[in-house]
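Q: The sequence shown begins at 2 in my numbering and counts up one residue at a time.
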Amino acid sequence: MKTPKIRRDQVIQAALDLLDQEGLDGLTLRKLALALDIQAPSLYWHFSGKQELIDAVADALVMNVVLPQSPDQPWDSRLRQIAAELRQALLQHRDGARVFAGTYVVSDNVLRVSEAMLEAFALAGVDVSCASTYSFSVLYYILGFVMEEQALGPHSAFDVTSRKTAFEELAKRSYPRNWAAQESIFSTDFDARFSTGLELIIAGVKQQASETARKAAPLLNAGKGVAGAARRRPERRG
Numbered sequence: 002m003k004t005p006k007i008r009r010d011q012v013i014q015a016a017l018d019l020l021d022q023e024g025l026d027g028l029t030l031r032k033l034a035l036a037l038d039i040q041a042p043s044l045y046w047h048f049s050g051k052q053e054l055i056d057a058v059a060d061a062l063v064m065n066v067v068l069p070q071s072p073d074q075p076w077d078s079r080l081r082q083i084a085a086e087l088r089q090a091l092l093q094h095r096d097g098a099r100v101f102a103g104t105y106v107v108s109d110n111v112l113r114v115s116e117a118m119l120e121a122f123a124l125a126g127v128d129v130s131c132a133s134t135y136s137f138s139v140l141y142y143i144l145g146f147v148m149e150e151q152a153l154g155p156h157s158a159f160d161v162t163s164r165k166t167a168f169e170e171l172a173k174r175s176y177p178r179n180w181a182a183q184e185s186i187f188s189t190d191f192d193a194r195f196s197t198g199l200e201l202i203i204a205g206v207k208q209q210a211s212e213t214a215r216k217a218a219p220l221l222n223a224g225k226g227v228a229g230a231a232r233r234r235p236e237r238r239g
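As structure tokens, this is what we get:
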């Protein structure tokens, strides 16, 4: 059997470089082969097609996400760290969020992030089903946020000035609440905006966990009462 001329990790790194240069739409097998100075069919030693390559790139995007290590770290602090790390990982490469979205990669890199998020929600006191749903909600929030953030990034053709002018003309004439909120709408403080949205999610989880615990308390106490009565019941004498 012939030996491939290039390693899998070299292909992935070249794909990341090409992604930074040309974006997701420019990441083609032909261009990648050209960048590696190989024939396109050589890529099939490592990847069955473009989607498998995209999956590998998505996996590489989250490889260096730093996860909570201290067992004493509160669940909400853990979640803030995971979300911030994942956001920054996606921002490291052009179209990072677009690459990751919809891949559903099964790998150690992806599952360790998922595991950390599920653990955070478990510490919040929610069951595994809710923890899974909440984890997806956080992931979708991060992906959507970063897509919007990168859409206004250095590689964007979006003309903010012309859009703002058009917005001001229309909002001032017909939409007073938009007009009043224009400073916030056109703010580029993405860190503050991201933090605000994440805190809304955390507050919702806290409320839901508290409500679940409140509803469960009477049942738990009733169960303890029945068990206690059974232990105190006198034995029958023959």
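Every residue gets a Cβ at the ideal spot worked out from N, C-alpha and C, and that includes glycine.
1) Using the Cβ count rule (16 or more neighbours within 10 Å means buried), how would you classify Ala214?
2) Indicate whether Phe122 and Ser138 have their beta-carbon atoms separated by less than 8 angstroms.
3) Residues in the same chain with beta-carbon distance under 6 angstroms from Met118, minus the five sequence neighbours each way, listed in chain order, please.
4) Note down, in chain order, each residue of its chain lying with its Cβ closer than 8 angstroms to the Cβ of Gly239, except the 5 sequence neighbours on either side.
5) Grouping DSSP H, G and I as helix and E and B as strand, with all else coil, what is Val100?
6) Does Lys6 come out as helix, strand or coil in the three-state DSSP assignment?
7) Where do the ends of the alpha helix (DSSP H) carrying Asp166 lie?
8) Kindly indicate which residue of Gln52, Ala34 and Glu120 has the alpha-carbon position closest to the one of Pro69.
9) Can you tell me whether Asp160 is buried or exposed? The criterion is at least 16 other CB atoms within 10 Å of its CB, across all chains shown.
10) What is the rounded straight-line gap between the Cα of Ala182 and the Cα of Asp192?
11) In whole angstroms, give me the CA-to-CA distance for Gln93 and Ala217.
12) Can you check whether the CB of Leu20 is closer than 8 angstroms to the CB of Asp73?
13) Could you spell out where the alpha helix (DSSP H) holding Gln52 opens and where it closes?
14) Rounded C-beta distance between Phe187 and Lys173? I'm assuming under 8 angstroms.
A: Taking the coordinates as given:
1) Locating residue 214 in the sequence shown gives position 213, where the first residue counts as 1. It is exposed - the Cβ of Ala214 has fewer than 16 other Cβ atoms within 10 Å.
2) For this step, residue 122 is matched to residue 121 along the sequence shown. For this step, residue 138 is matched to residue 137 along the sequence shown. No. Outside cutoff.
3) For the purposes of this step, residue 118 is identified with residue 117 of the sequence shown, where counting begins at 1. The residues are Ile83 and Ser136.
4) In the sequence shown, the residue the question calls residue 239 occupies position 238. Low per-residue confidence applies at Gly239: pLDDT is 49, beneath 50, and the placement is therefore not dependable enough to give any value.
5) Taking the first residue of the sequence shown as 1, we reach residue 100 at position 99. Residue state, collapsed to three classes: helix.
6) On the sequence shown, position 5 is the one that residue 6 refers to. The answer is coil: DSSP assigns Lys6 none of H, G, I, E or B.
7) The residue given as residue 166 occupies position 165 in the sequence shown. It should be pointed out that residue 166 corresponds to Thr in this sequence rather than to Asp. Looking at the DSSP string, the run of the alpha helix (DSSP H) that includes Thr166 is Val161 to Ser175.
8) Here residue 69 refers to the residue found at position 68 when the sequence shown is read from its first residue. Looking at the Cα atoms, Glu120 is the closest of the given residues.
9) Counting from one through the sequence shown, the residue named residue 160 turns up at place 159. That one is exposed.
10) By one-based count along the sequence shown, residue 182 stands at place 181. By one-based count along the sequence shown, residue 192 stands at place 191. The alpha-carbon atoms of Ala182 and Asp192 are separated by roughly 18 angstroms.
11) Indexing the sequence shown from 1 puts residue 93 at position 92. Indexing the sequence shown from 1 puts residue 217 at position 216. When the Cα atoms are used, Gln93 and Ala217 turn out to be separated by approximately 44 angstroms.
12) Taking the first residue of the sequence shown as 1, we reach residue 73 at position 72. Taking the first residue of the sequence shown as 1, we reach residue 20 at position 19. No, they are not a contact pair.
13) As a working note, residue 52 is residue 51 in the sequence shown. Start and end: Lys51 to Leu62.
14) Here the question's residue 187 lines up with position 186 in the sequence shown. Here the question's residue 173 lines up with position 172 in the sequence shown. At roughly 14 angstroms, the Cβ-Cβ gap does not stay under 8 angstroms, so Phe187 and Lys173 are not in contact.
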